[in-house]
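Protein chains in written order, with our numbering: chain A, 1 to 275; chain V, 1001 to 1383; chain P, 2001 to 2316. Data first, discussion second: the structure below is written as structure tokens.
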Amino acid sequence: MKRYFTVSSALGVWTGAVIVFLFTPIAFLVAMSFNDYKSIFKWTHFSTRWWGHMMQNTSLTSSVRVSLEVAFVSTALALILGTFAGLALAKRPGKWTAGFVGIILLILVTPEIVDGAGQLSWFVLLGGPFRTGLTPIVLVHTVFSSAVVTLIVRARVAGLDERLEEAAADLFATPRRAFFEVTLPLVMPAVLAGGMLAFTLSLDNVVSTSFVSPAGVTTFPNYVFGLSGGIIRPEVAAMATLFIASTLAAVGLVALALRRGGQSGTEIAATFTGN
Amino acid sequence: MSLNDESTHILISQQAAQRLAATINRRRFLAIGGGVAAAAALAACGGSSGGSGSKSKNINMFTWAEYDDPDLLKSWGNISLTIFNSNEEAIQKLVQGGGSSGFDMVVPTGAYIPQLVKSGLLAELDKTKIPNFSNLDSHYTNQSWDPDNKHSVCKNWGTTGWIYDTTVVKTEIKTWADFIKVAQTEASGKTSVIDATPDLCGIYFWANGIDWTTEKTEDLDACEKFLVNELASHIKAFDSYPGVNLTSGSYALSQVFNGDARQGLLGIKAAGQDPARYKWGIGSPTTELWMDNWCILKGAKNVDASYDFINFILDPKNSVKDLNFHGYNTGIKGVSDLAGSIEFKDMVFFTDAQVATMKPGAVNSAQDRLVKIYSNVKAKAGG
Amino acid sequence: MTATLGTQPSQQRTWLRAPKFLLAIPSFVWYVFLFAVPVALVVVNSFGRKVAGTPGKVDLSSPSLDRYHEVISGSFRSLLKQTMFTSILGTVLCLVISLPVAYFLAFKVGPKAKTAVLALLMVPFFVNFLLRTLAWRIVLQPQGFVSNFLQSGHWFTFGLALRNGPIQILDTRAAVQLAIVYNYLPLMIFPLWVALDRVELHLREASKDLGANRLRTLLQVTLPLAGPGIVAGLILVFVPLSGDYVTAALLGGAKGNMIGAEVANQYFKAQDAASGSAIAVSLIISILLVLGVIAACFWLMARIRRRARAVQLVQR
């Protein structure tokens, strides 16, 4: 019994160390937003001046706006595509399922750099709307994230009692009503978690964005990536801190929503990871 | 000035007025339309650089990182900056945008301007809209890559040299050959080179007395052989701005632009350390002279604003602020006197003898080969 | 209640059947248009050559394997090897670090604590990828806080006091290795945890009841049962990791370069989509080769183990 205790606590210590490891750079980044010096790579003394500067740097703020717009639109698209495809996969498996799941798995395991390179060549061939504005960025973001949403929704729906829907039909609900009042609420947790992931993936994307983004359109991470050769001011760290805070709030809200839907913490985490 | 244009339009054409109604706010349009136009026109004639109350001062600019004083830009108007990291990247994006890039201005290096012109990307400049053009020293106008400044106006120019940490590098570096020797020995694995094709290949050409605009196959072969086999493995990083991060102490020896090196030394001072630890030198026996330029793009939406901004920045008192920010000579007559006794002034302004050793680059038939060399060096350094 | 209703045949239920297949069609079209065609284009372009003087144009009039020849003969081959090595090592490190965490989560904590630990593990994953990678540059600065602290000889540094001056990890392959493990760790922990979580407790208990010690239970019952999850985790980490170039670009300097950076470089600097495509395809082929070799190893190991067990049984 005593030995059991030590193994278990060793594992606990290990897990704690991993958590500390995961938070280390984030803590440094947040701290550097309160640096007085003009670079995040050299601490001089405490100051909040860059938090004020942040809003005045129009290149920075407009890149954040681009990122948020792209994230919202691509998340909405990914949710529509992914929810429908996930429902179809779970409810009507057939000969086509294998091929479709195959494509999704291929999407998940193709290095982003290959997608990005191909999408660039393709969009250049197509021209027009594919080379201006936010369209190309939104389009490429939806590919990966809709695949993720599809899998999450499929996993959730596969675990549902199909008879609930049939009951609705038998009780003379119109197809529309059955969908909106029975199916949708049941897949909602998966949609929420999938949306959260799609949003994060969109905000994270650097590689394919850097390939397809038209001249003049820069997302927040690509703005920072462009700066990374030279000096990076603490205003970037301040913006990042703002993002981290919003992310925490959003994750918290989604988790709360799922919890009110009657899920345990473990189930919530499982939903997030697509299981 | 710009308001003047606007009100003239209104007086001239009903159609133009209707178009304007959509873009400026309603109340102001009514006021102007109600007969205040003449007064407004008079008021606008008062001062061209005052700028308050004129029409939207927005520019979308495609430029290098850390290249413009944000406060100075703000004192002119609203300029949104998008950053590129190499001329090649900028051209690629502009060409693929097919003239609908949404940018008004771009700041390319001189040697790349013919390619931009050939691709039909640059607007021809109307110099009557840039009265301050005459403030430029004639040394920095009418360059070989853009005769008569048809498409470009000098933003600033600079050169390439090195900076090293004397606590690590004991040998004094006087020439590019010394640079290579130190990079291979004392500073091996602690050397950074500029992350750009011409500058990387230039190290070899300058060190060996070869004209760095060479198109000869044997020169290019020798350059590739040397850089890949004998220099690549000693390189720690390809870093175009090693200066600004000098405080982080990552490199013992860096190939560096003069303005960036100066920024580094200023940073060292600001962080309370001794700048004497680092030594800067201009490339020798020959080195680069590069010039970055203000250009207006074809299809720009804010053409008048762009002219207004170029004229603004060519005003000596604005130019000197710009210079103080990036530390490169802006080529304006008398800007050296205006700058007064700024720190490390000899890193901004050079003697005639020094300038005589600096040669402009060229984008020619060797370009594709140079890029190949550059990628092979990078692959070798990592492999 | 639903059961009795549900089993009754109903005319109305046909609507449930028909449209749902159609629901996947938009996605299908989407993927063909935005994934299949572009990837096919990369493959096609890799047989062409650059049109001199025009950014990005590919001449396909005389298809050849010349670009591949350049990849294999040039400096790219060693870079490709290095990249694969970094990726394999990174994946193995991720697995080794994640296993105890996933095991702890699955078997050793109560439900309340589990939620908290899961949340803590998940939050960093939601922080912007680029920024948390860039942040390592702050942590690893040679003149930075951590470096100075390690040199200070403070008792807390566990006698790590560096005698050779500041830490010089930045702009090396070690920095890339560290950050890669950092970035992809969550992608390994979660699939592993889910896989272990599904191993039913009574099977583990049965193993113990039959006299197996803890290590044997772990190796012969728990891990084989969690096998598919582990494989999923390995693939989910290994593949994106091999193509990643942001981490290398931010932290690797010249030495930590990865092949993905060369793909980008060919597109952006050399304006040579043909060479870029050839390198990209070579990357995919390398990934498939590595996965193939690993799969073969697993298959062989399973075979040997089965054979060995059969021999054991016979001997008994």
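Each residue gets a CB set at the ideal place from its N, CA and C atoms; glycine is no exception.
Query	Result
How should V/D1071 be labelled, buried or exposed, when 16 other C-beta atoms within 10 angstroms of its C-beta is the threshold for buried?	exposed
Taking only the alpha-carbon atoms, compute the straight-line gap between V/S1284 and V/R1369 and give it to the nearest angstrom.	25 Å
Would you be able to state if there are at least three C-beta pairs under 8 Å between the segment 1227-1241 of chain V and the segment 1126-1142 of chain V?	no
How big is the Cα-Cα spacing for P/F2085 and P/V2042?	25 Å
Just to make sure I have the definition right: I need the residues of chain A whose C-beta is within less than 8 Å of the C-beta of P/V2246. Which are they?	V206, V207, F225
So P/A2024 contacts chain A; which residues on that side make the cut at Cβ distance below 8 Å?	F84, A85, A88, L89, W96, F100
For the candidate residues A/I19, A/V143, A/R49, whose alpha-carbon lies nearest to that of P/F2028?	A/V143
Going by the beta-carbon positions, is the gap between P/L2079 and V/G1382 smaller than 8 Å?	yes
Below 7 Å between beta carbons is the criterion; list the residues of the segment 2091-2112 of chain P that meet it against any residue of chain A, in chain order.	I2097, P2100, V2101, Y2103, F2104, K2108, P2111
Using a Cβ-Cβ distance under 8 Å, would V/T1082 count as near chain P?	no
Just reading off the beta strand (DSSP E) that V/Q1255 is part of, what are its end residues?	1253-1257
According to DSSP, which residues form a beta bridge with V/W1290?	V/G1158
Determine the extent of the alpha helix (DSSP H) in which V/M1061 is found, giving its start and end residues.	Looking at the DSSP string, V/M1061 is not in any alpha helix (DSSP H); the run it does join, the beta strand (DSSP E), is 1058-1063.
Which residues in the same chain have their Cβ closer than 7 Å to the Cβ of P/V2239, if we skip the five residues on either side of it in sequence?	I2287
Between the segment 105-118 of chain A and chain P, which residues of the former have CB atoms less than 7 Å from a CB of the latter, in chain order?	I107, V109, T110, P111, E112, I113, V114, D115, A117, G118
Which residues in the same chain as A/A178 place their Cβ atom closer than 7 Å to its Cβ, once the five residues preceding and following it in sequence are excluded?	E165, A168, A169
Express the C-alpha separation of P/L2130 and A/D204 in angstroms, rounding to a whole number.	7 Å
Nearest-angstrom Cα distance between P/I2284 and A/L79?	29 Å
Would you list, in chain order, the members of the segment 224-243 of chain A that have their beta-carbon closer than 8 Å to a beta-carbon of chain V?	G226, L227, G229, G230, I231
Drop a sphere of 10 angstroms on the beta-carbon of V/H1151, count the other beta-carbons inside from all chains shown, and report buried for 16 or more, exposed for fewer.	buried
Within 10 angstroms of the Cβ of P/S2152, are there 16 or more other Cβ atoms? Answer buried if so, exposed if not.	exposed
Give the residues of chain V in contact with A/S39, contact being defined as C-beta atoms less than 8 Å apart.	V1244, N1245, T1247, G1267
What are the start and end residues of the beta strand (DSSP E) that includes V/L1081?	1078-1083
When you check each C-beta in the segment 2035-2061 of chain P against every C-beta of chain A, which residues fall closer than 8 Å?	F2035, A2036, V2037, P2038, V2039, A2040, L2041, V2042, N2045, G2056, V2058
Measuring CA to CA, which of P/A2119, P/V2096, P/W2136, P/D2171 is closest to P/G2256?	P/D2171
Closest to V/T1166 by CA distance: which of V/Q1115, V/A1187, V/S1080 is it?	V/A1187
Can you give the Cα-Cα distance for P/Y2182 and A/E69, rounded to whole angstroms?	29 Å
Which partner residues of A/N35 appear in the DSSP bridge assignment?	A/F46
What is the DSSP secondary structure of V/I1210, counted as helix, strand or coil?	coil
So, does the CB of P/R2077 fall closer than 8 Å to a CB anywhere in chain A?	no
Is it the case that the Cβ atoms of P/I2189 and P/V2101 are separated by a distance below 8 Å?	yes
Could you name the residues of the segment 210-223 of chain A whose beta carbon sits closer than 9 Å to any beta carbon of chain P, in the order they occur along the chain?	S210, F211, F220, P221, N222
Could you tell me which whole alpha helix (DSSP H) segments of length 4 or greater appear in the segment 1160-1223 of chain V?	1176-1184, 1197-1207
With DSSP as the reference, identify every bridge partner of V/L1297, one or two as the case may be.	V/L1122
Please report the straight-line C-alpha distance between V/M1061 and A/G216, rounded to a whole angstrom.	8 Å
Cβ of V/G1389 less than 8 Å from any chain P Cβ?	Lying before the first or after the last residue shown, residue 1389 of chain V is absent from chain V, which here runs from 1001 to 1383.
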